[in-house]
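Peer 1:
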Amino acid sequence: MFEHKGAHKCTWYQSTLGRRSMIDFVIVSSDLRPHVLDTRVKRGAELSTDHHLVASWIREWGKFPDRPGKPKRVVRVNWERLEEAPVLGIFNSHLRRSFSGIPVEVGGIEPEWAVFKASIAEAAVASCGLRVLGSSRGGNPRTPWWTPVVREAVRLKKEAFRDMISWRTPDSVAGYRQARRAAAAAVSEAKQRVWEKFGEAMEKDFRSAPKCFWKTIRHLRRGKRGTIQAVYSKDGTLLTSTEEVVGRWKEHFEELLNPNNTPSMLEAELEVDGVSSSISLVEVTEVVKHLRSGKAPGIDEIQPEMLKALGVEGLSWLTRLFNIAWESGTVPKEWQTGLVVPLFKKGDQRVCANYRGITLLSLPGKVYSKVLERRVRPIVEPQIEEEQCSFRPGRGTTDQLFTLARILEGAWEYAHPVYMCFVDLEKAYDRVPREKLWEVLREYGVRGSILRAIQSLYSQSESCVRVLGSQSVSFSVGAGLRQGCALSPILFVIYMDRISRRSRGGEGLQFGGLRISSLLFADDVVLIGSSACDLQHSLDRLAAECDAAGMRISTAKSEAMTLSRKPVDCLLRVGNESLAQVKEFKYLWVLFASEGTMEREIGRRIGAAGAVLRSLYRTVVTKREQSRKAKLSIYRSIFVPILTYGHEGWVMTERTRSRV
Numbered sequence: 001m002f003e004h005k006g007a008h009k010c011t012w013y014q015s016t017l018g019r020r021s022m023i024d025f026v027i028v029s030s031d032l033r034p035h036v037l038d039t040r041v042k043r044g045a046e047l048s049t050d051h052h053l054v055a056s057w058i059r060e061w062g063k064f065p066d067r068p069g070k071p072k073r074v075v076r077v078n079w080e081r082l083e084e085a086p087v088l089g090i091f092n093s094h095l096r097r098s099f100s101g102i103p104v105e106v107g108g109i110e111p112e113w114a115v116f117k118a119s120i121a122e123a124a125v126a127s128c129g130l131r132v133l134g135s136s137r138g139g140n141p142r143t144p145w146w147t148p149v150v151r152e153a154v155r156l157k158k159e160a161f162r163d164m165i166s167w168r169t170p171d172s173v174a175g176y177r178q179a180r181r182a183a184a185a186a187v188s189e190a191k192q193r194v195w196e197k198f199g200e201a202m203e204k205d206f207r208s209a210p211k212c213f214w215k216t217i218r219h220l221r222r223g224k225r226g227t228i229q230a231v232y233s234k235d236g237t238l239l240t241s242t243e244e245v246v247g248r249w250k251e252h253f254e255e256l257l258n259p260n261n262t263p264s265m266l267e268a269e270l271e272v273d274g275v276s277s278s279i280s281l282v283e284v285t286e287v288v289k290h291l292r293s294g295k296a297p298g299i300d301e302i303q304p305e306m307l308k309a310l311g312v313e314g315l316s317w318l319t320r321l322f323n324i325a326w327e328s329g330t331v332p333k334e335w336q337t338g339l340v341v342p343l344f345k346k347g348d349q350r351v352c353a354n355y356r357g358i359t360l361l362s363l364p365g366k367v368y369s370k371v372l373e374r375r376v377r378p379i380v381e382p383q384i385e386e387e388q389c390s391f392r393p394g395r396g397t398t399d400q401l402f403t404l405a406r407i408l409e410g411a412w413e414y415a416h417p418v419y420m421c422f423v424d425l426e427k428a429y430d431r432v433p434r435e436k437l438w439e440v441l442r443e444y445g446v447r448g449s450i451l452r453a454i455q456s457l458y459s460q461s462e463s464c465v466r467v468l469g470s471q472s473v474s475f476s477v478g479a480g481l482r483q484g485c486a487l488s489p490i491l492f493v494i495y496m497d498r499i500s501r502r503s504r505g506g507e508g509l510q511f512g513g514l515r516i517s518s519l520l521f522a523d524d525v526v527l528i529g530s531s532a533c534d535l536q537h538s539l540d541r542l543a544a545e546c547d548a549a550g551m552r553i554s555t556a557k558s559e560a561m562t563l564s565r566k567p568v569d570c571l572l573r574v575g576n577e578s579l580a581q582v583k584e585f586k587y588l589w590v591l592f593a594s595e596g597t598m599e600r601e602i603g604r605r606i607g608a609a610g611a612v613l614r615s616l617y618r619t620v621v622t623k624r625e626q627s628r629k630a631k632l633s634i635y636r637s638i639f640v641p642i643l644t645y646g647h648e649g650w651v652m653t654e655r656t657r658s659r660v
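When we follow UniProt numbering, the leftmost residue of the sequence shown carries the number 1, and every step to the right adds one.
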């Protein structure tokens with residue numbers, strides 16, 4: 001078919017007996033056959049096998065698909081330098097000069113915001129400088145153990161290999177084996193030195209830079225994550241170009257964030273009260289002080305470190321900006337725009353549904369919403385029912401897990417059956433109708449200027465998607481709460497509290513001096529009853545209130561479970577659909593079983609803790625460069641919390657105690 005020397009046709013050889021054969025082939029379709037230009041063996045490729053590399057040359061025709069990827073070089077502000085006192089002084093001196101030049105008369109929110117943002121960016125660049133991320137090879141760092149010594153050893157090995165396949169003499173074979181051993185030894189020694197340096201660097205970070213230390217530990221636990229290269233369209237077509245991939249992500253999140261398919265850009269009806277208290281410098285300073293460093297910025301690229309570095313003049317300027325927003329009932333467009341970044345969960349990486357999106361908001365906008373949250377919470381907190389433990393001070397998952405475990409333990413001891421329904425609300429955060437939310441807030445006493453300020457954050461809510469280093473066009477978001485906003489948790493708790501309050505009846509389970517009919521942690525709802533009939537009544541009322549509030553119960557994920565010494569049925573329905581009855585259910589990441597024991601959950605905890613230990617074993621546990629103190633810190637901070645999560649509800653026996 002193709003004229004070549006015999007040595008370029010034999011794909012397999014046996015050096016001891018001198019045998020050669022053609023047993024490896026390249027298979028192409030009939031329509032591609034005319035475009036195959038040549039096929040031959042490439043003996044120079046060292047494959048550590050008795051087969052040679054077979055290569056084909058194919059004529060290029062048409063347009064090859066684009067290979068999407070991240071930009072090779074990214075230039076950003078080196079904001080980490082704000083921790084240095086001289087840099088911090090230069091940063092604030094630039095802001096003082098900018099602040100002194102703004103007019104005393106208050107302008108519109110957009111011009112004021114534009115000047116503030118530009119001044120922050122200019123001061124950051126002037127004081128911190130710029131930093132280039134990535135390299136000439138697509139942003140991937142060169143393999144750290146690829147040293148000049150290793151490169152030279154590998155080059156000599158390749159030369160020895162070519163000599164061996166050319167001459168096939170005993171001396172050439174022995175020379176190749178010696179070169180191969182030398183190259184392997186050089187690679188092993190270089191890798192060992194890299195691991196030693198890695199261990200020493202981690203130990204240094206543990207002592208002087210704990211943030212970098214724990215960031216490295218998180219990366220080691222998660223492992224390597226692939227980048228998004230291609231995705232499927234809605235009809236199953238594989239999209240490969242950057243433009244198509246970004247467009248598909250925009251389409252996916254636009255549908256996901258508008259579940260009711262009724263996006264509206266109409267401004268909400270704004271209320272004004274006669275007297276309003278302006279935002280004080282103390283309020284703003286307190287919120288900025290508690291910002292968490294290292295968080296990703298929003299669409300305006302303002303880092304939390306930049307806000308935390310603000311002096312009195314900078315904080316006064318930020319307070320002035322907030323008061324303009326408070327008094328005018330409007331906020332900058334960038335405060336209402338979320339930057340959505342897809343994060344892979346599991347499954348096929350080319351399917352958009354296998355990702356969850358995190359929304360990055362403007363940091364100044366988040367500070368403003370936190371100021372509003374601190375004003376809203378004292379109004380609504382006394383009105384929220386005791387059953388709700390999410391996003392409330394002094395409460396957490398431990399309270400609900402302990403309560404449910406004690407209920408099940410007491411019922412099992414006295415042989416009282418317990419009927420439970422674990423209710424899952426479909427896309428609860430994204431389904432909240434905003435018009436109904438404003439009604440609920442008024443009902444709970446949130447009115448006037450503070451309600452107007454909250455509404456201003458939603459009046460023209462938008463999102464855009466960032467993927468592959470590119471950003472999609474913005475799309476409107478007409479329903480749901482803003483992910484990442486400090487106000488969203490308390491707003492959602494209020495909304496769920498009203499649903500729970502209106503759906504409550506006389507059912508439930510008597511436990512001591514209390515009658516408990518439900519447990520709530522945000523949208524995780526557990527209905528409890530003493531009989532299947534009572535539980536069905538509670539579920540019917542909850543479903544009706546959810547429907548009236550624009551929420552929907554997911555019948556596929558909601559399940560029923562009974563705790564009884566005798567097998568009993570618990571057949572529940574939501575509308576015309578039946579709920580599955582299960583023998584175990586994972587509530588708030590803890591597995592509850594129908595037999596009332598925690599054996600399975602303890603087994604899960606041991607397995608999860610063991611998996612963490614295995615993920616860190618080679619990189620941390622076995623490293624002699626790591627001090628005992630650093631290893632114990634990892635053990636207490638990661639291993640122990642995973643092993644003992646939810647242990648407040650465990651009933652320990654000698655067997656389970658020995659396992660733990």
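Idealized CB from N, CA, C, for every residue including glycine.
Alpha helix (DSSP H) containing D534: first to last residue?
Peer 2: Run containing D534: A532 to A548, per the alpha helix (DSSP H) assignment.
Peer 1: Report the start-end ranges of each beta strand (DSSP E) in the region 314-338 that is 3 residues or longer and not cut off at the edges.
Peer 2: Taking only runs of at least 3 residues, no beta strand (DSSP E) segment lies wholly in the region 314-338.
Peer 1: Check each candidate in S369, Q229, T337 and D235 and name the one with the smallest Cα separation from S241.
Peer 2: The shortest Cα separation from S241 among S369, Q229, T337 and D235 belongs to Q229.
Peer 1: How close, in whole Å, do the beta carbons of G646 and L437 come, if the pair is a contact with beta carbons under 8 Å?
Peer 2: The pair is not a contact, with the Cβ atoms about 32 Å apart (cut-off 8 Å).
Peer 1: Check whether the Cβ atoms of L307 and V282 lie closer than 8 Å to each other.
Peer 2: Not in contact: L307 and V282 (Cβ atoms no closer than 8 Å).
Peer 1: Per DSSP, F592 is paired with what?
Peer 2: F592 pairs with F585.
Peer 1: For G347, name the three-state secondary structure that DSSP assigns.
Peer 2: Coil, per DSSP.
Peer 1: Would you say V651 and M598 are within 8 Å of each other, going by their C-beta atoms?
Peer 2: Against a cut-off of 8 Å, the Cβ pair of M598 and V651 comes out as a contact.
Peer 1: In its own chain, which residues sit with a C-beta less than 6 Å from the C-beta of S503, not counting the 5 before and 5 after it?
Peer 2: Taken in chain order, the residues that qualify are R541, L542 and E545.
Peer 1: Could you tell me which residues DSSP puts in a beta bridge with E462?
Peer 2: The partner list for E462 (beta bridge, DSSP) reads T337 and S476.
Peer 1: Which word fits L632, buried or exposed, when buried means at least 16 other C-beta atoms lie within 10 angstroms of its C-beta?
Peer 2: So L632 counts as exposed.
Peer 1: Return the first residue and the last residue of the alpha helix (DSSP H) that E152 is part of.
Peer 2: Where E152 is concerned, the enclosing alpha helix (DSSP H) stretches over P148 to W167.
Peer 1: Have a look at S578, V432, R162 and T644 and flag the residue whose alpha-carbon is nearest the alpha-carbon of N258.
Peer 2: Among S578, V432, R162 and T644, the Cα nearest to that of N258 is on V432.
Peer 1: Which value, in whole angstroms, describes the spacing of the CA atoms of I494 and D430?
Peer 2: Spanning the two alpha carbons is a distance of roughly 15 Å.
Peer 1: CB R96 to CB E313, shorter than 8 Å?
Peer 2: Yes, the Cβ-Cβ distance between R96 and E313 is below 8 Å.
Peer 1: Could you spell out the range, first to last residue, of the alpha helix (DSSP H) harbouring A560?
Peer 2: Segment E559 to L563 is the beta strand (DSSP E) holding A560; no alpha helix (DSSP H) there.
Peer 1: Figure out for me which residue from G478, G512 and T11 has the closest Cα to the Cα of H51.
Peer 2: Of the candidates G478, G512 and T11, the one whose C-alpha sits nearest the C-alpha of H51 is T11.
Peer 1: Along the chain, where does the alpha helix (DSSP H) containing R659 start, and where does it finish?
Peer 2: It spans E654 to R659 - the alpha helix (DSSP H) in which R659 sits, taken as one unbroken run.
Peer 1: Taking only three categories from DSSP, how would you classify F422?
Peer 2: Note: F422 maps to strand in three-state DSSP.
Peer 1: Considering only residues of the same chain and omitting the five flanking positions on each side of residue 670, which have a CB-CB separation below 8 Å?
Peer 2: No answer is possible for residue 670: the residues shown for the chain start at 1 and end at 660.
Peer 1: Flag this pair as touching only if the region 455-463 and the region 400-419 have three or more C-beta atom pairs under 8 Å; answer yes or no.
Peer 2: Not touching, per the Cβ criterion.
Peer 1: Identify, in the order they occur along the chain, each residue of the same chain with its Cβ nearer than 7 Å to the Cβ of I508, setting aside the five sequence neighbours on each side.
Peer 2: At residue 508 the sequence reads Gly, which differs from the Ile that was named. Contacts found: R515, I516, S517, I528 and G529.
Peer 1: Taking H290 as the reference, which of L363, V440, L468 and Q483 has the closest Cα?
Peer 2: It is L363 whose Cα lies nearest to the Cα of H290.
Peer 1: Residue range of the alpha helix (DSSP H) that Y176 falls in?
Peer 2: Per DSSP, Y176 belongs to the alpha helix (DSSP H) from P170 to S208.
Peer 1: Determine whether the beta carbon atoms of F91 and A309 lie at a separation below 8 Å.
Peer 2: Cβ distance < 8 Å, so F91 and A309 count as in contact.
Peer 1: Spatial neighbours of S127 within its chain, please: CB distance less than 7 Å, with the 5 preceding and 5 following residues excluded, ordered by chain position.
Peer 2: Cβ within range, chain order: V87, I90, F91 and H94.
Peer 1: Can you tell me which residues form a DSSP beta bridge with E577?
Peer 2: DSSP, once it has assigned bridges, lists V574 as partnering E577.
Peer 1: Could you tell me which residues DSSP puts in a beta bridge with D300?
Peer 2: Answer by DSSP bridge pairing: none, since D300 is not bridged.
Peer 1: In whole angstroms, what separates the C-alpha of V77 from that of R193?
Peer 2: One C-alpha to the other measures close to 33 Å.
Peer 1: Would you report the Cα separation of W412 and L535, rounded to the nearest angstrom?
Peer 2: Whole-angstrom Cα-Cα distance: 18 Å.
Peer 1: What's the C-alpha gap between R605 and S500?
Peer 2: Roughly 32 Å between the two C-alpha positions.
Peer 1: If V467 sits next to F253, beta carbons under 8 Å apart, how far is it from one beta carbon to the other, in whole angstroms?
Peer 2: Contact flag wrong, Cβ pair sits at about 10 Å.
Peer 1: According to DSSP, H51 sits in a beta bridge with which residue or residues?
Peer 2: For H51, which the question treats as bridged, DSSP gives the partners W12.
Peer 1: Which runs of the alpha helix (DSSP H), 4 residues or longer, sit entirely within the region 363-437?
Peer 2: Taking only runs of at least 4 residues, the alpha helix (DSSP H) segments lying wholly in the region 363-437 are 363-380, 397-413 and 428-431.
Peer 1: Please go through the same chain and pick out, in chain order, the residues whose beta-carbon is closer than 7 Å to the beta-carbon of K295, but skip the five residues on each side of it.
Peer 2: Cβ neighbours of K295 beyond the five flanking positions: P304.
Peer 1: Of all the options R614, A608 and L616, which has the alpha carbon lying nearest to the alpha carbon of residue 662?
Peer 2: In the structure as shown, the chain starts at 1 and stops at 660, and residue 662 therefore has no counterpart that could be examined.
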